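In our numbering, the protein residues as written are 76 to 425. Heads up, the beta-carbon is just placed ideally off N, CA and C, and yes, glycines get one too. Remember, it's a predicted structure, so these values are computed and weren't measured experimentally. Note sheet for the following structure.
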Amino acid sequence: MECQRNAEASAEPRRETCLGPLEAAVIGTGWCGGIRAETLSRSALCAKLHICDIRPDRLAEVKALTNPATATLDYRDIIGNDAVKVVYVCTTPEHTHFPIARDCLRAGKHVLLEKPIAMELFEADELIAIAERGGLKFTIGYSQRFNTKFAYAKKKLADGTLGKPVSVMVSRHLSRALGKKIASRVRLSPAAMESTHDLDLVFWLLEPARPARVYAQGAYGFMQPVNGSYDVMWSTVTMDNGVLVAIGGGWNLPPSYPNYCTTWIEITGTEGSLFLDDSSRDNWLTTAKDGISFPMSTMPGEQVDHVFAGQMGPETLHFLESVILDRPPMVAPQSARRVMECYLGADLSA
Ligand SMILES: NC(=O)c1ccc[n+]([C@@H]2O[C@H](COP(=O)([O-])OP(=O)(O)OC[C@H]3O[C@@H](n4cnc5c(N)ncnc54)[C@H](O)[C@@H]3O)[C@@H](O)[C@H]2O)c1
Numbered sequence: 076m077e078c079q080r081n082a083e084a085s086a087e088p089r090r091e092t093c094l095g096p097l098e099a100a101v102i103g104t105g106w107c108g109g110i111r112a113e114t115l116s117r118s119a120l121c122a123k124l125h126i127c128d129i130r131p132d133r134l135a136e137v138k139a140l141t142n143p144a145t146a147t148l149d150y151r152d153i154i155g156n157d158a159v160k161v162v163y164v165c166t167t168p169e170h171t172h173f174p175i176a177r178d179c180l181r182a183g184k185h186v187l188l189e190k191p192i193a194m195e196l197f198e199a200d201e202l203i204a205i206a207e208r209g210g211l212k213f214t215i216g217y218s219q220r221f222n223t224k225f226a227y228a229k230k231k232l233a234d235g236t237l238g239k240p241v242s243v244m245v246s247r248h249l250s251r252a253l254g255k256k257i258a259s260r261v262r263l264s265p266a267a268m269e270s271t272h273d274l275d276l277v278f279w280l281l282e283p284a285r286p287a288r289v290y291a292q293g294a295y296g297f298m299q300p301v302n303g304s305y306d307v308m309w310s311t312v313t314m315d316n317g318v319l320v321a322i323g324g325g326w327n328l329p330p331s332y333p334n335y336c337t338t339w340i341e342i343t344g345t346e347g348s349l350f351l352d353d354s355s356r357d358n359w360l361t362t363a364k365d366g367i368s369f370p371m372s373t374m375p376g377e378q379v380d381h382v383f384a385g386q387m388g389p390e391t392l393h394f395l396e397s398v399i400l401d402r403p404p405m406v407a408p409q410s411a412r413r414v415m416e417c418y419l420g421a422d423l424s425a
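Here's what the structure looks like:
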């Protein structure tokens, strides 16, 4: 692919020359990895797709969907393949993130790693250091930054429409089924697994302010017998410029709730306010068999025939473009580390 400088086409500076389509791999082709693999398989930016999962049945399913160049049960085949330049690490349980991402970075591959960046801060530091030493792009899958509503919030804060920000509130609830899936595989709190998206989102909205103090409370309910986890946590963060942030995250919506994830956001500033309804109540599907559901309401989104509804599709391609065009990816790993510090603080406080 030839690449010429075109200042008008993009606000970001471009290099005179850039790489052509690249070979990319997805390690862990479950729910999110399956979305990323399908997105890559449809894109001309991905020269060849390689997939890996330890579950042969799921690997076969995604293989049939994406027609990859290779499919393997052992991620070391990806590590050892020099043609693979970009790797999406989408495995669970979450303690697999650090060793697999570390091996990929050590092998000189650019990495998008699903959140959480790691289980321990020193692991996050090691990943960041290896990526920096190798001149590699390394990002974390904070997909909500690719939600058009939240991109709009960033724009309205940046262009001064809302004036000086005063407060941001995010309330996010997940279905009990998703909560059980997550809480059954890993002992991480709703702050670490759900509010993590909103901590990242709000810290990004409020840049250059930084979080200075966090206080949190949790409440028990349905999830306690499953893994001892809170059903809901609320974290109050004071930014270093005084802005008040309140972030609630939970995973106990009852089975009959017609939605996977529902979110409400309130931003106030000295010159305006912005309320965003991301509850997906604008799409109703009713069937005799299953009653009412709100389709396209998962956090990653989904492929709907020829378009992707939601954020994970565009986020997946954005990372490939960041590598091809040598541009910084949207999410710096240092910001994921800051988010991790904050939810660890919230856990301690609660
Ligand atoms: N950005 C978002 O909106 C979003 C949403 C949900 C989940 N996530 C994150 O994405 C990650 C994946 O979540 P999911 O719901 O897709 O999980 P999942 O359990 O559906 O899929 C994970 C897959 O990894 C595979 N795996 C495990 N160990 C492996 C190994 N050593 N090599 C290859 N494959 C391996 C499993 O067999 C499984 O198929 C999680 O860590 C989660 O935090 C992000």
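Where the alpha helix (DSSP H) through residue 399 begins and ends: 387 to 399
Indicate the three-state DSSP secondary structure (helix, strand or coil) for residue 229 in the structure shown. helix
Do residue 279 and residue 292 have their C-beta atoms closer together than 8 Å? No, these two residues do not count as a Cβ contact at 8 Å.
So with Cβ pairs under 8 Å, would you call residue 312 a contact of chain D? Among the chains in the structure shown there is no chain D, since it carries only a single protein chain.
Shorter than 7 Å, the distance from the beta carbon of residue 359 to the closest heavy atom of ligand 1, or not? no
Comparing the CB of residue 218 with every heavy atom of ligand 1, is any distance shorter than 7 Å? yes
With a Cβ-Cβ cutoff of 8 Å, do residue 128 and residue 103 count as a contact? yes
Verify whether the separation of the beta carbon atoms of residue 371 and residue 388 is less than 8 Å. no
Buried/exposed call for residue 352, threshold 16 Cβ in 10 Å: exposed
Smallest Cα separation from residue 194: which of 391, 206 and 167? 167
In angstroms, rounded to a whole number, what distance separates the CA positions of residue 239 and residue 302? 42 Å
Please classify residue 423 as buried or exposed, where buried requires at least 16 other C-beta atoms within 10 Å of its C-beta. exposed
Endpoints, beta strand (DSSP E) assigned at residue 341: 336 to 344
Once DSSP output is grouped into helix, strand and coil, what is the label at residue 249? strand
Where residue 195 falls: helix, strand or coil (DSSP): coil
Run through DSSP, which three-state label would residue 409 get? helix
Are residue 112 and residue 145 close, meaning C-beta to C-beta below 8 Å? no
Mapping the DSSP letters down to three states, classify residue 381 as helix, strand or coil. coil
My output table needs one value for residue 213: the three-state DSSP class, helix, strand or coil. strand
Kindly indicate which three-state DSSP category residue 362 falls into: helix, strand or coil? In this structure, residue 362 counts as strand in the three-state DSSP scheme.
Excluding the 5 residues flanking residue 271 on each side, which residues of the same chain have their C-beta closer than 7 Å to its C-beta? 190, 191, 414 and 418
Which residues in the same chain as residue 320 place their Cβ atom closer than 6 Å to its Cβ, once the five residues preceding and following it in sequence are excluded? 243, 277 and 312
Between which two residues does the beta strand (DSSP E) containing residue 348 stretch? 348 to 353
Counting Cβ pairs, one atom from each stretch, are 3 or more of them under 8 Å apart for the stretch 341 to 361 and the stretch 387 to 403? no
By Cβ distance, which residues of its chain are closer than 7 Å to residue 344, with the 5 residues on each side in sequence left out? These residues qualify, in order along the chain: 237, 238, 239, 240 and 241.
Of the choices 222, 199 and 184, whose alpha-carbon is the least far from that of residue 210? 184
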